[in-house]
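Only one structure is covered here, and it is reproduced in the block below.
Numbering (our numbering), first residue to last: 12 to 183.
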């Protein structure tokens, strides 16, 4: 579905059968420098829940990667509803570098965050090397938003809501 700038958003929700998803638990991102990635997302305003090494038969079986060793960090949004799992693999080696892929690449990966002050957020993250992909744009009188490249080229969307919605539907 494509939205033209200024077009009204029409949402149709259809339930078929029993609902099986309770919530989206987390988004996972593989990184090479776990400390730098944690620092970046803490500066964005996320909170560190914990950090732990993961290895063993159960981990090998769930990932299908024999002799897997990874260190993970789990972060959460301030409202407690969104979580981000950062993973640094010690074994096996990581594959397929997507860090410079454009936003129209197959398998496109992006994490979108709602922020209070887009300019302030960009200034803070810019000090950590974040760069704006295109430009900051305003969608109607509703949002100011942009894509940035964060640590290791992670594609991140940032959106500042300009007006409070009249319904509970959020297009982001």
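Note that beta-carbon positions come from the ideal geometry of N, C-alpha and C, so glycine has one too.
These figures come from a predicted structure and were not determined experimentally.
- If you draw a straight line from the Cα of residue 163 to the Cα of residue 174, it comes to about 33 Å.
- Secondary structure note for residue 137: its alpha helix (DSSP H) is the uninterrupted segment 129 to 137.
- Residues 36, 37, 38, 60, 85, 86, 87 and 88 of the same chain have their beta carbon placed closer than 8 Å to that of residue 94, with the five preceding and five following residues left out of the count.
- Around the C-beta of residue 106, fewer than 16 other C-beta atoms lie within 10 Å, and the residue is accordingly described as exposed.
- Taken through DSSP and simplified to helix, strand or coil, residue 65 comes out as strand.
- Comparing C-alpha distances from residue 56 to each of 80, 90, 97 and 149 shows the shortest one belongs to 90.
- Taking C-beta separations shorter than 8 Å and ignoring five residues to either side along the sequence, the partners of residue 172 in its chain run 125, 153 and 154, following chain order.
- Counting only the Cα atoms, residue 58 lies some 12 Å from residue 92.
- Here residue 132 is buried: its Cβ has 16 or more other Cβ atoms, across all protein chains shown, within 10 Å.
- Where residue 46 is concerned, there is no enclosing beta strand (DSSP E), although the alpha helix (DSSP H) around it starts and stops at 45 to 55.
- Distances from the CA of residue 100 to each of 66, 54 and 128 were compared; the closest alpha carbon is that of 66.
- When the Cα atoms are used, residue 83 and residue 45 turn out to be separated by approximately 8 Å.
- For a cut-off of 8 Å, the C-beta gap from residue 116 to residue 79 is around 26 Å, too long to register as a contact.
- Selection 96, 77 and 69 evaluated against residue 49 yields 96 as nearest (Cα-Cα).
- Excluding its 5 nearest sequence neighbours in each direction, residue 41 has C-beta neighbours in its own chain below 7 Å: 98, 100 and 105, listed in chain order.
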